[in-house]
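Read the structure below first, then the notes.
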Amino acid sequence: MIRLRDVTKVYEGGTVAVRDVNLDIQKGEFVFLVGPSGSGKSTLIRLLLRQDTVTRGVIWVAGKDITQLPAWKIPFLRRSVGTVFQDFKLLPNKTVGENVSFALEVLGRPRSVVGPQVKQVLELVGLNDKGDRYPRQLSGGEQQRVSIARAFVNRPPILLCDEPTGNLDPATSVGIMRLLDRINRSGATVVMATHDHAIVDAMQRRVVQLDNSRVIRDEMAGRYETGEIPYQNGGRHNGDGAEA
Amino acid sequence: MNRLGFLAREALINLRRNLLVVLGAVLAVFISLSLAFGALVVNELLRINTLAWQDGTHIIAFLYDEGQDGVAAGAHAALLDEVGGWEEVANVRYFDKAAAWAEYQEMFADRPEQLNIDPSVLPASIRIELTDIDLYQDVQFRLASQSQLIRRVATFGEQIEQLSSLSTVLNLLGLGLALVLGASAVILIANTIRMAIYARRDEVSIMKLVGASNWFIRVPFILEGMIEGLIGAGLAVATVWVAFRNLRTIGDSIEIISFGIPNRFFVTWGIVILLFGAAAGVLGSVLGLSRYLRDEDGGRPVVVDRRVLEPT
Numbered sequence: 008m009i010r011l012r013d014v015t016k017v018y019e020g021g022t023v024a025v026r027d028v029n030l031d032i033q034k035g036e037f038v039f040l041v042g043p044s045g046s047g048k049s050t051l052i053r054l055l056l057r058q059d060t061v062t063r064g065v066i067w068v069a070g071k072d073i074t075q076l077p078a079w080k081i082p083f084l085r086r087s088v089g090t091v092f093q094d095f096k097l098l099p100n101k102t103v104g105e106n107v108s109f110a111l112e113v114l115g116r117p118r119s120v121v122g123p124q125v126k127q128v129l130e131l132v133g134l135n136d137k138g139d140r141y142p143r144q145l146s147g148g149e150q151q152r153v154s155i156a157r158a159f160v161n162r163p164p165i166l167l168c169d170e171p172t173g174n175l176d177p178a179t180s181v182g183i184m185r186l187l188d189r190i191n192r193s194g195a196t197v198v199m200a201t202h203d204h205a206i207v208d209a210m211q212r213r214v215v216q217l218d219n220s221r222v223i224r225d226e227m228a229g230r231y232e233t234g235e236i237p238y239q240n241g242g243r244h245n246g247d248g249a250e251a
Numbered sequence: 040m041n042r043l044g045f046l047a048r049e050a051l052i053n054l055r056r057n058l059l060v061v062l063g064a065v066l067a068v069f070i071s072l073s074l075a076f077g078a079l080v081v082n083e084l085l086r087i088n089t090l091a092w093q094d095g096t097h098i099i100a101f102l103y104d105e106g107q108d109g110v111a112a113g114a115h116a117a118l119l120d121e122v123g124g125w126e127e128v129a130n131v132r133y134f135d136k137a138a139a140w141a142e143y144q145e146m147f148a149d150r151p152e153q154l155n156i157d158p159s160v161l162p163a164s165i166r167i168e169l170t171d172i173d174l175y176q177d178v179q180f181r182l183a184s185q186s187q188l189i190r191r192v193a194t195f196g197e198q199i200e201q202l203s204s205l206s207t208v209l210n211l212l213g214l215g216l217a218l219v220l221g222a223s224a225v226i227l228i229a230n231t232i233r234m235a236i237y238a239r240r241d242e243v244s245i246m247k248l249v250g251a252s253n254w255f256i257r258v259p260f261i262l263e264g265m266i267e268g269l270i271g272a273g274l275a276v277a278t279v280w281v282a283f284r285n286l287r288t289i290g291d292s293i294e295i296i297s298f299g300i301p302n303r304f305f306v307t308w309g310i311v312i313l314l315f316g317a318a319a320g321v322l323g324s325v326l327g328l329s330r331y332l333r334d335e336d337g338g339r340p341v342v343v344d345r346r347v348l349e350p351t
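First to last, the sequence lines map onto chains A and B. For this note's numbering, add 7 to where a residue sits in the first sequence, where the first one is 1. For this note's numbering, add 39 to where a residue sits in the second sequence, where the first one is 1.
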């Protein structure tokens, strides 16, 4: 589903954000990107969304080399990748329902499709009775649920989450993770950058650890702290925990 | 249809949010196009009145009598035919001695002592209406070559020159003002659009994130500029039309000026002004958008020192 080969990103001024990253993420996987601030997690997510271009290397998403994607095709990439952020990125002047339907309206979906799809996804995130509320009338956890609903309403095969629980208390975070787990079990590939030890330890999913711009660990069913299986540079994960 | 409705709704939201700035842009378009349209109307009034002067006669050539002074019989008719064929001439009429006497009687009806003359001394004449008043000197020059037949040529040259130069000055002034104000209207619209983009930057970034195409993001802003231009132009057309109607009502009592501009003129030029307003709006929007919504390429490639990329 996602493949990175020798991906390096150097920002203006010579700051290396990620260096020689090789990664294979299979369809339906749930992958945590962990590591300290500045280790390159968010840069990887930006590269996967083509918000940034690689300095070197190749990234394939759903079989397409997105590093060579012309500018006019970038929106098509983003339609197949849902995004969830720490700061929710909701529109304050739109209701919950409008925030979610906005994602379908900008794609030109007919009203007959938008209504039922929004209703369905609001049920999925447990906000079916709050469609008429404004973001300011919701708790942080509920706002993040709206953000997830908006990311998933178009049923993208990939969900990228950048610290989605960063602004939430532990109990609310658990609710959000249950929701992401449910979405993952419906077949979507989820890649989540996080600092949250408890969540990573509790979920026991694949963990890719970055440090100083490099992948230093890639472990199936891992924990936040260093696990048993060290990452070998240039290694290929085959999705079942073994090194290829 | 749903997509179109969404785009139109977004454009209207933009307009509502920046009402004060939008009003400034609309006023700028309104003032510039009012001036331009007003100049056109004044120019048309001058044209109509110049043409209508002296019943459409711009030049009178008084003729020697036929059968006298070596003028052959039928020479007047031949001259009439020849002058009628000149491209500068829109219309030519023959005014025989009887018509000249009738006109003389009418002119001096209130001074009977002036009527005690021999009608035969009044010459026949040809009365020429020009296609373009500026061509009167050319026609005067051509008539001069017929000196054996033409006694004297009277033109309304001075008046024509004055009106022509007045028309030119008014046109230049109107055009200059319209250009300057038109440019300021375009710049104001561009600024309105930039402010609209800034006000909606969160929405724009979310639209990009969920995969809206750049054109889908741009269209509401372009529509916004077009609506501003159209409203300004519509107000300009309406204002000039109302002002002209009022002027005509007052002017009907002034017999020497004709306000007979046909409605066709207002319809045709009204449409042109509306299209111009819409085009100015679109141009302003495109200028406003160019800096902020370039085709996203995921960031410019950075020139990197090769040593940075070497394995560590």
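Positions of the beta carbon are idealized from the N, C-alpha and C atoms, including for glycine. This structure is a prediction, so every number in the text was calculated from the model and none was measured.
Pairwise C-alpha distance: residue j and residue i
| i | j | result |
| --- | --- | --- |
| Gly106 of chain B | Pro162 of chain B | 13 Å |
| Thr278 of chain B | Thr307 of chain B | 16 Å |
| Glu232 of chain A | His204 of chain A | 8 Å |
| Val38 of chain A | Gly229 of chain A | 10 Å |
| Phe298 of chain B | Gln179 of chain B | 29 Å |
| Val23 of chain A | Lys16 of chain A | 6 Å |
| Arg12 of chain A | Arg233 of chain B | 40 Å |
| Gly35 of chain A | Asp188 of chain A | 11 Å |
| Phe95 of chain A | Glu170 of chain A | 10 Å |
| Leu248 of chain B | Thr90 of chain A | 7 Å |
| Arg55 of chain B | Thr231 of chain B | 12 Å |
| Gly215 of chain B | Glu267 of chain B | 22 Å |
| Arg85 of chain A | Val103 of chain A | 21 Å |
| Asn135 of chain A | Val125 of chain A | 9 Å |
| Ala110 of chain A | Ala222 of chain B | 37 Å |
| Glu152 of chain B | Asn302 of chain B | 47 Å |
Proximity winner among the options, relative to residue i (alpha-carbon distances)
| i | options | result |
| --- | --- | --- |
| Leu58 of chain B | B:Asn88, B:Glu263, B:Ala272 | B:Glu263 |
| Gly124 of chain B | B:Pro158, B:Leu188, B:Leu314, B:Arg181 | B:Arg181 |
| Val198 of chain A | A:Gln216, A:Pro43, A:Val181 | A:Gln216 |
| Ala317 of chain B | B:Val61, B:Phe298, B:Ile270 | B:Ile270 |
| Val65 of chain B | B:Leu205, B:Ser184, B:Ser203, B:Ile228 | B:Ile228 |
| Met8 of chain A | A:Ala110, A:Lys71, A:Leu54 | A:Lys71 |
Chain A contact for residue i (CB, 9 Å cutoff)
| i | result |
| --- | --- |
| Ile236 of chain B | no |
| Arg245 of chain B | Contrary to the premise, residue 245 of chain B reads as Ile rather than Arg in this sequence. At least one chain A Cβ lies under 9 Å of Ile245 of chain B. |
| Phe260 of chain B | no |
| Asn253 of chain B | yes |
| Asp241 of chain B | yes |
| Arg42 of chain B | yes |
| Val249 of chain B | yes |
| Phe304 of chain B | no |
| Asp334 of chain B | For Asp334 of chain B, the pLDDT reaches just 49, beneath the cut-off of 50, and the residue's location in the model is therefore unreliable, leaving the point undetermined. |
| Phe354 of chain B | No answer is possible for residue 354 of chain B: the residues shown for chain B start at 40 and end at 351. |
Bridge partners - residue i, DSSP secondary structure assignment
| i | result |
| --- | --- |
| Tyr237 of chain B | Answer is none; Tyr237 of chain B lacks a bridge partner. |
| Arg10 of chain A | A:Asp31, A:Trp67 |
| Asn130 of chain B | B:Glu168 |
| Phe92 of chain A | A:Asp169 |
| Phe39 of chain A | A:Met199, A:Val214 |
Per-residue DSSP class, three states only, for residue i
| i | result |
| --- | --- |
| Met265 of chain B | helix |
| Asp104 of chain B | coil |
| Met227 of chain A | coil |
| Ile310 of chain B | helix |
| Thr22 of chain A | coil |
| Val17 of chain A | strand |
| Thr96 of chain B | coil |
| Thr102 of chain A | coil |
| Ile189 of chain B | strand |
| Asp149 of chain B | coil |
| Thr194 of chain B | strand |
| Arg287 of chain B | helix |
| Arg260 of chain A | The question about residue 260 of chain A has no answer here: the residues shown for chain A are numbered 8 through 251. |
| Asp72 of chain A | strand |
| Ile156 of chain B | coil |
| Ser46 of chain A | coil |
| Arg56 of chain B | helix |
| Trp416 of chain B | Only positions 40 to 351 of chain B appear in the structure, and residue 416 of chain B is not among them; the question remains open. |
Cβ of residue i within 9 Å of any chain B Cβ
| i | result |
| --- | --- |
| Ser49 of chain A | no |
| Val113 of chain A | yes |
| Leu30 of chain A | no |
| Thr90 of chain A | yes |
| Ala110 of chain A | yes |
| Pro82 of chain A | yes |
| Arg10 of chain A | no |
| Ala178 of chain A | no |
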